[in-house]
Structure formats: C-alpha cells, structure tokens
Amino acid sequence: MEEVMKSPRRRWNRVLIAATICSMGLALSIPPPLAGQMMTQQQRELQQAQENARGEQAMAAKRLEAFLRDEAMPHPCQLFVEWSPRLYAIAVGPAAEQTGLRRGDRIKTINAENVATLDDVKRILTSLPVGVTSVNLIVERTALMLERESRDVPLHARCRSDRARWEAKKKALEAMKDGRWNDCFLGMREVVQEWGGGLTGDIEVRGLCAYYDARLKAQPIGPDDAQSLYEW
C-alpha cells in the first residue's frame, strides 16, 4: 500500500524535473538580445543626436551658400543694423544706437539717395569706398504714443568695415558644415560680439552649435551653452 502511494508522488516529481529541464533548455536556446535592444537610454539619445546633427550639417551647407550669395564680401561701411523687408530697424547694435538710430526707425535715404528695398541699402553701403566712416541718413520715426504720427529724422551715422564679423561667420558656417561644433560655436560667438548683440539667425546658429557640441560629447549643457540656447 505504501509503495502504491509513493508511485504517484514519484511520477509527479519526475514530471516537475522534466519540466524544469525543458524550461532551462528553452531559455538556453533563446538568442541573446540584439545590440540595438541592449542600448541604454543615453546611447539611444546619442544616436538620435548624431542623426539630427547630420541633418544640421546639410542645412549648414545651404546656410553657407546663402551667406556667400547675400554677402559676397565684407561691407566697407556696416551700420550694424538689421533691417526688415519693409526697411524698419528690427535690431540695432550699440554703436548704431549711439549715433541716434532706434529700433522701429524706417530708413528713407542714405547720403541723399532714396532707398526702397533692402537691395538698395546693400547696394549703396557696399559701393562706398574703403575707409568711409560715416553716412548721412534720413529715417522715419513714429511717436511711441501716436502711431499715426511720424517725422523724418536726419542722422549722421557712423559705420565701419565688418571684415572681422564676415570672416568669423564664414569660418563658423564652414565648421558647422563639417561638424566641428565647438569651432562653430566660438566663431558665432565672435560674430555676435562684433555685431554688438547679434542677428536672429546668428544667435540661432550659435545656439545649435553649442547644443550639438555638448550633446555629441555626452556632456551637460554648460553656462555658455545654456545662455546661447536661452537667447535663441
């Protein structure tokens, strides 16, 4: 009788052992995870940043092409003012402010020559001889409280060659195209300093280069980089 009761128990033990062996064999037969499946979150983020950076490099080639088309050479008489398509001053550097130019001024004449487009502004200023340090402007200025009232304001504006800015920007965009992000950041920082505040597009490029320089090195964003991204 005892032997009869032990028999089912033994059979059950054998079933459990067999099941365990089978499960072990199944586990051993499963191939290891692929390399992509073993990537950490940090590695995935780095891979994504590398892919995005390649896209920015391609865009940088277009930025460089556009820059050399729009500014084939340095300006001999740069006012350091960014004008809108409608000829309103939308960014005014410190040097331009000292001569009386203000954000919101609409340029009407340069050295008594009427201007109607941005191309007119560029043509007149780039055709001036090297060594010119000032130009006579007439700008339309609107009263802050009375938007419909405006007056013409004559200004004697100082200007200077922007060769240092031009060369720094060219080198920065070349570095961006090649993926030399730190060189790009340093170059664009010089561009912004030369302008005395920076154009919107220049600040954007400086921010992008600061971001990818840090991300591709798997480094935290430093104070300078954070400032660039904040201003962007």
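For the sequence shown, the tail end lands on 232 under the numbering used here, and the numbers increase by one without skipping.
Just so you know, even glycine gets a beta-carbon here, dropped at the ideal spot from N, CA and C.
Listed as beta-bridge partners of Leu155 by DSSP are Leu137. Only residues of its own chain outside the window of five on either side were considered, and among them Met176, Leu208 and Tyr212 have a CB closer than 8 Å to the CB of Glu56, listed in chain order. If you look at Lys177, you'll find it in the alpha helix (DSSP H) that goes Arg163 to Asp178. When the Cα atoms are used, Pro129 and Leu118 turn out to be separated by approximately 20 Å. Counting C-beta pairs closer than 8 Å gives fewer than three between the region 91–98 and the region 169–186, which falls short of the contact rule.
The bridge partners DSSP lists for Asn111 come to none. For Glu82, there is no enclosing alpha helix (DSSP H); the residue is part of the beta strand (DSSP E) that begins and ends at Val81 to Trp83. Three or more Cβ pairs drawn from the region 159–174 and the region 64–79 lie within less than 8 Å of each other, which places the two stretches in contact.
The region 62–100 contains, as complete alpha helix (DSSP H) runs of 4+ residues, the segments 94–98 (chain order). As a beta-bridge residue in DSSP terms, Ser150 pairs with Thr142. Rounded to the nearest angstrom, the Cβ distance from Ala164 to Glu194 is 5 Å, consistent with a contact under 8 Å. Here the alpha carbon of Met188 sits roughly 6 Å from the alpha carbon of Lys169.
By the neighbour-count criterion, in which 16 or more other beta carbons inside 10 Å mark a residue as buried, Ala89 falls on the buried side.
In this structure, Val81 keeps its C-beta atom at 8 Å or more from the C-beta atom of Ala66. Asp105 counts as buried, since at least 16 other C-beta atoms from the protein chains shown sit within 10 angstroms of its C-beta.
Nearest in C-alpha terms to His156, of all of Ser150, Ser127 and Ala112, is Ala112.
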